[in-house]
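The next block holds one structure in the form of structure tokens; read it before the comments.
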């Protein structure tokens, strides 16, 4: 399938999830995340969920990560024009909702983090394929951001649904995932050493 069609189909599928289904999927994805050994990750970039788009609940993941890896620093994005700046996560009380509905840090007094320090990124997406290509919202924010990170940054997608067989129109500049966490399985595209 083509990105445009996949974007529509999977956006609608995600919006159709009931709150109960979403809660169950979020719990199962957290369980999958807990199977990974993230002890070497010092800086983890985590997208914050857009509630109206029914995105995965990364706030629960952040709480769990900070309890399991107290020395890990969570980094969150703030959209600035066509790029994203990164800031240390302090708490959900230091956030405001942007015009796009994205929880973002109040940047005054918050420490900015260079993208090259980030060891791993939880990447938002609508769907992905069996090769690790992903379909996002089509604005290219994460492709641009990931191109600024180190080449060895771990790219972990979060998706409520299993992969499609193949995305037909991916581009050479599209950044592939290393892993994708779904409710029933973590799909590995070449980083099995992270599994506990």
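In full-length UniProt numbering, the protein residues as written are 1 to 196.
Ideal Cβ placement from N, Cα and C applies to all residues, glycine included.
These numbers were taken from a predicted model, which means no experiment stands behind them.
Requested in this report: Report the rounded CA-to-CA distance for residue 149 versus residue 79, giving the unit in angstroms.
Outcome: 16 Å
Report task. Consult DSSP for residue 130 and reduce its assignment to one of helix, strand or coil. Result -> coil
Query raised in the report: Can you tell me whether DSSP reads residue 196 as helix, strand or coil?
Result: A caution first: residue 196 carries a pLDDT of 49, below 50, which makes its placement in the model too unreliable to give a value.
Query raised in the report: In its own chain, which residues sit with a C-beta less than 7 Å from the C-beta of residue 96, not counting the 5 before and 5 after it?
Result: 104 and 106
Requested in this report: Take the Cβ of residue 37 as the centre, count every other Cβ of all protein chains shown within 10 Å, and call the residue buried at 16 or more, exposed below.
Outcome: exposed
Report task. Kindly list the residues whose CB is nearer than 7 Å to the CB of residue 43, restricted to its own chain and excluding five residues on each side of it in sequence; keep chain order. Result -> 73, 75, 113, 117, 118 and 119
Query raised in the report: For the alpha helix (DSSP H) that residue 87 lies in, which residues bound it at each end?
Result: Premise fails: residue 87 lies in the beta strand (DSSP E), 83-88, not in any alpha helix (DSSP H).
Query - Presumed contact (8 Å Cβ cut-off) between residue 156 and residue 123, rounded CB distance - result: Their Cβ separation, rounded to whole angstroms, is 6 Å, which keeps residue 156 and residue 123 in contact under 8 Å.
Report task. Tell me whether residue 21 sits in a helix, a strand or coil according to DSSP, three-state version. Result -> Residue 21 sits in a helix when the DSSP states are folded into three classes.
Requested in this report: Locate the beta strand (DSSP E) running through residue 186, then write down its first and last residues.
Outcome: Start and end: 186-188.
**Report entry** DSSP beta-bridge partners of residue 72
**Finding:** Beta bridge pairing from DSSP links residue 72 with no other residue.
Query raised in the report: Per DSSP, which one or two residues make a beta bridge with residue 180?
Result: 157 and 187
Query raised in the report: Excluding sequence positions up to five away, which residues of its chain have a Cβ less than 7 Å from the Cβ of residue 13?
Result: Excluding five sequence positions before and after residue 13, the CB atoms of its chain that fall closer than 7 Å to its own CB belong to 161, given in chain order.
**Report entry** Of the residues 82, 111, 132 and 127, the one placed nearest residue 188, counting alpha carbons only
**Finding:** 132
Query raised in the report: How do the segment 168-176 and the segment 16-28 stand: do at least 3 beta-carbon pairs fall below 8 Å, yes or no?
Result: no
Query - Exposure label - residue 55; buried when at least 16 CB within 10 Å - result: buried
**Report entry** Simplified DSSP state of residue 80, which is helix, strand or coil
**Finding:** DSSP, read as helix, strand or coil, puts residue 80 in strand.
Requested in this report: Measure the C-alpha to C-alpha separation of residue 63 and residue 34 and round it to an integer number of angstroms.
Outcome: 12 Å
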